[in-house]
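Chains as they are written, first to last, in this note's numbering: chain A, 17 to 535; chain B, 9 to 371.
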C-alpha cells in the first residue's frame, strides 16, 4: 500500500465520520419521541422518583442523595455532561448554579428552569489548612476590591452585561513566586475557554489576586472532583472554581470569605414542563450539509477552537512518544533483570511486572501525581510520561523476553563460538532478529498506549480528549467534537503506525534486497 | 596445541565425561566416533568452553582456558566451530554471515572482508549465493556456508560437531568433500562424526568414545582394522545386541518373545530367524529349570550387520552338569530340537559359570 493510497483512504473515513456526526446532531433532540411517556416536572417535589444528573463531587451530589432518596442519581464528571444528558433525554433533570445555568439556557433554548431555588450557597476560594497566610491575604484582597468597586465592576460585566472577554488587567510582577490556581472550566460566566485562553469571573479574580500580591498565576484546569485532592497533596495552592463553602469540605480545606453567592436551581428539557409537550424544532434546522458545516464552524473555527485541538494533539503526541521511549528503555532493563539468574535481580523484576500489569493505568497515573510526586512540583505531563512509560515497560519487558527466548540457542552459540562476547552476540546477532519478531505485537501495544493517554485530563493535562471536552462544554454539541476527536486519534495512531511499519520494513533483511533488485 | 587434562563434566548427577586426558597436535585431524550418548559432542564443546567442564583443564597454546575465562573469547577467535544445525545468522545474507566477525572482531574493512568472503564462498562452491539468505539454501549449502564462515576468521583449529547429521543423505557428500579439502590443506581439526568411511580416510587419529571416556584411540588403521577392545570391536563391526535377564521360573515368556520380535524387525531379520530364536530360547530355559536354584539366566542376542551372523548367548551359574548332555535323561527330544536349529553350539564351563554360544541358521 503506498502512502498516497493510504492517505486517500483515511480522508474518506474522515468524511464518513463527519457525516455520522451530522446525522447524530439531528437525532440528538428528544422532541417527538414518545411524548406521552414524558415526566411532568413543575415543582421540585416532582423529582422524587426521577432520574437526576449531578456533577460528581458537587454539593448537588449530596443534596440529591439526601433529599430524593427514591430518585436515580447519576453522577457526571462535569456540569457540561449533565447538560448534555438532559438535552438528550438521558436524564429528566439536572441541578446547578443559577448564573452558570443562566448562560446555558441562553444558548440552549431547549432547557428550562422549574421550581423554586432550593438552596443558596456562598462561593469561596479554597486553601490548604496549613496555609493560613495565603487565605488571610486573599481575604484582605477581597475586602479591598469590594471596597474600591472593582468587585462590583467584575460582577456587572460578567453576570449582568454578559461580557465574554477579559478586561485589561494590571500585570503581575511575579516577584513573590508563582501561584498555582486550581480551576475547573465549567462554562461562562465563571470559567470557560475562549480563543484558547481561560476567561471568566473566577479567572479574573485569580489574576487580580496574583497581581495584587506580586505572584505569577498558573492555572491547573482539571476535573472538579479532583480539586480537593490536588490542593491537599500540594499540587495547587488555591481553588478558585465556583466552589461552595460547605461543612463537608471544611473538614479537608479552609475557605476564604465568600466572593459570590449562588442560588441553586433545577432544570429540565422544555418538553418535560408542558402537558403533552413536544417541540418540533430540530428537523427544521436545514439540510445535512448545512448542519455539518454549521457544526464545523461552531466547534472548530469559532473562537479559534482549532488551536485548542492543535495543542491537545501536540500534548497527546508528546506524551505518547516520550512514554514509549521511556517505557521501551525501562522495559529493556526490566527484561534484563527478569532474565537474570540472580534472585536479587529477577525477583524485583517479576514483582514489578505483576504489580504494574495488575493496576489500572488511571489509578497508576493518579498515584503517581498525587502520592509519589505529592511534595514535588512536577509538570503533570512528566508525571503522565512516567506513569504510562512504567505501564508500557511492564508489558514490553515480557514481550522482549518472549522475543529473546524465541531465538534459537544455536544463534547464541554460533556467535559465542566465533569469539564474540555475550554482549556483542546480543547486539549483533540476537537483537536484530528479536526486533523483527516482536515488532508486530509491539505496534499493537504502542497504539493502545496512544489511546490510553486520553485519561491524562484527570491530572489537569490538556490533551486531545480534554480539548474535545472543553469544546463540548462551550458548544453543547454532543456529537461533533467526540467524532472529531475519535478521527484525530485514529489519524495519530495511523501516522505513528506508518513510522513503525517503516521500521518493520527496514529491519526485514529481505526488504533491503528487494529494494536493491527493484532499483 | 590442545591439551586436555583430567577433564570431567557432569550435568546434575549425570556424569557425561569422566577424567579424560589427551592431546591434539598441530596439523592433526582427529575424528571422534562412538555410540550416541557417549559424550562426543560434550567433549568437543568443552574444548571451546561452550560447555564448562566440572573439573580438569583445557590448555590451548599454553593458555589454560578453564582457569583464565577472560582469555576464552580471544582463543575462540582462533578456534571456530561448525555445528550440526548450521546456526547461520538468519537476519544476514550469506556474505554478511561471513563478514560479520572479521569486521567486528578483527577490525577488517568491509571491502576487504567482502573480498575475502567471496574467495571463501568460491572455495566452497557457493559464490553465486552471496546475496541469498540462509533460509533460501539447502541443508548442504547451509553447512558449506557455515564452514566458509568459520574460515573467514582464519582459525588455527576447527571443531566440527556432527556436521552431516542434520543433512539429507544426498547432501552429505558435498559437505564431506569440503572438509576433506581442508584436511588436505593441513588444517587442525576435531570432528565428531557418524560417517565411518569418512572418518577412516580423513583422520590422522581416531578417538573411540564410550561411556564418557576415550575408550580406545589410535590411527584409523588400528581402530578400524584391529580394534583392541571389546566395545570398540562391537561398534566397528556394527554388532547390535539385545540383553535380558530372567530371574524367576515364572518368567514372562510373552514379553520376552515380543522383545525378540521387535529386535529382529528392527534389523530386518527373516521371520524364520525370529521364530527359531524364540523357540530355542524357550527350550533352553526349560532345560535349565530343574538345574538352577535360584533361577537366574542372563541371555543376549547379538547380530553383526557385517557378517550377518545371529548368536544367542545364555549364561548361568554352573549347574554342575552339561544340560545338553544327551545321556542326562528324558529331555532327549528337547536337546534334538535345539541341536537341529543351531548352526554351531559352543558350551563353556569355567569360573563357576556356564555359557552357551549358539549360532542360528539364517539362510
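Positions of the beta carbon are idealized from the N, C-alpha and C atoms, including for glycine.
Report task. Might you give, ordered along the chain, the residues of its own chain that have their beta carbon closer than 6 Å to the beta carbon of residue 259(B), omitting 5 neighbours on each side? Result -> none
Practice prompt. Counting only the same chain and skipping the five closest in sequence on each side, list residues whose C-beta sits under 7 Å from that of residue 481(A).
Written response: 470, 473, 501
### Message
Using only CA atoms, which one of 156(A), 186(A), 164(A), 205(A) lies nearest to residue 180(A)?
### Response
205(A)
Residue 237(A) in three-state terms, based on DSSP: strand
Exposure of residue 483(A), with buried meaning 16 or more beta-carbon neighbours within 10 Å:
buried
Review point. Taking the alpha carbon of residue 409(A) as the point to measure from, which residue in 239(A), 106(A), 458(A) has its own alpha carbon closest?
Key: 458(A)
Tell me whether the stretch 512 to 519 of chain A and the stretch 318 to 328 of chain A touch, counting them as touching only if at least three CB pairs, one residue from each stretch, are closer than 8 Å. no
Could you give the C-beta distance for residue 308(B) and residue 247(B), rounded to a whole number, given that I count them as a contact under 8 Å? Incorrect: roughly 11 Å between the Cβ atoms, too far for contact.
**Request:** Let me know if residue 78(B) comes out buried or exposed under the rule of 16 or more other beta-carbons within 10 Å of its beta-carbon.
**Result:** exposed
(request) Mark residue 237(A) as exposed unless 16 or more other C-beta atoms lie within 10 angstroms of its C-beta, in which case mark it buried. (result) buried
Any residues in the stretch 399 to 430 of chain A with a beta carbon nearer than 7 Å to a beta carbon of chain B? Which ones, in chain order? 426, 427, 429, 430
### Message
Using 8 Å as the threshold, is the C-beta distance between residue 14(B) and residue 63(B) below it?
### Response
yes
Stretch-stretch touch, CB-based, cutoff 8 Å, three pairs: the stretch 25 to 40 of chain B with the stretch 207 to 220 of chain B: yes
Q. What did DSSP end up calling residue 487(A) once you bin it into helix, strand or coil?
A. helix
Practice item. Give the interface partners of residue 441(A) over in chain B, defined as CB-CB distance under 7 Å, in chain order. Key: Those do not exist, as residue 441(A) stays about 10 Å from chain B at its closest Cβ, beyond 7 Å.
Open item on the list: One question on the structure: do residue 200(A) and residue 257(A) come within less than 8 Å of each other, judged by their Cβ atoms?
Closed with: yes
Worksheet item: So what does DSSP say about residue 199(A), is it helix, strand or coil?
Response: strand
message = Is residue 161(B) close to chain A? Criterion is C-beta to C-beta, closer than 8 Å.
response = yes
Check: Within 8 Å (strictly less), CB to CB, does residue 118(B) reach chain C?
Finding: Although the question refers to chain C, the structure presented lacks it and instead comprises the protein chains A and B.
| field | residue 99(B), DSSP secondary structure in three states | value | coil
Checklist entry - Which whole-angstrom value is the C-beta distance of residue 32(B) and residue 196(B), which I expect to be below 8 Å? => result 7 Å
What's the C-alpha gap between residue 235(B) and residue 43(B)? 15 Å
| message | Please report the straight-line C-alpha distance between residue 351(B) and residue 361(B), rounded to a whole angstrom. | response | 23 Å
Discussion item. Can you check which of these residues, 340(B), 342(B), 326(B), is closest to residue 357(B) by C-alpha distance?
Written reply: 326(B)
**Q.** Environment of residue 421(A) [buried if 16+ CB atoms lie within 10 Å]
**A.** exposed
Given a threshold of 16 other Cβ atoms within 10 Å of its Cβ, counted over all protein chains shown, does residue 120(B) qualify as buried or as exposed? exposed
_Extent of the continuous alpha helix (DSSP H) run through residue 362(A)_ = 359 to 374
Legend entry - For residue 148(B) and residue 123(B), the rounded distance between their alpha carbons: 23 Å
Is DSSP giving residue 257(B) helix, strand or coil here? coil
From 255(A), 386(A), 398(A), 404(A), residue whose alpha carbon lies closest to that of residue 372(A)
404(A)
query = Is it a yes or a no for the stretch 110 to 122 of chain A touching the stretch 83 to 100 of chain A, going by three-plus beta-carbon pairs under 8 Å?
reply = yes
message: Our contact map puts residue 172(B) next to residue 190(B) with C-beta atoms below 8 Å; I'd like the distance itself, whole angstroms only.
response: Going by Cβ atoms, the distance from residue 172(B) to residue 190(B) rounds to 14 Å, so no, they are not a contact pair.
Discussion item. Is it buried or exposed, residue 74(A), if we count other Cβ atoms within 10 angstroms and call 16 or more buried?
Written reply: buried
Q. Alpha carbon to alpha carbon, what distance is there between residue 218(A) and residue 207(A)?
A. 6 Å
Quick check on residue 12(B): does DSSP put it in helix, strand or coil? strand
**Asked** From what residue to what residue does the beta strand (DSSP E) around residue 334(A) run?
**Response** Looking at the DSSP string, residue 334(A) is not in any beta strand (DSSP E); the run it does join, the alpha helix (DSSP H), is 321 to 355.
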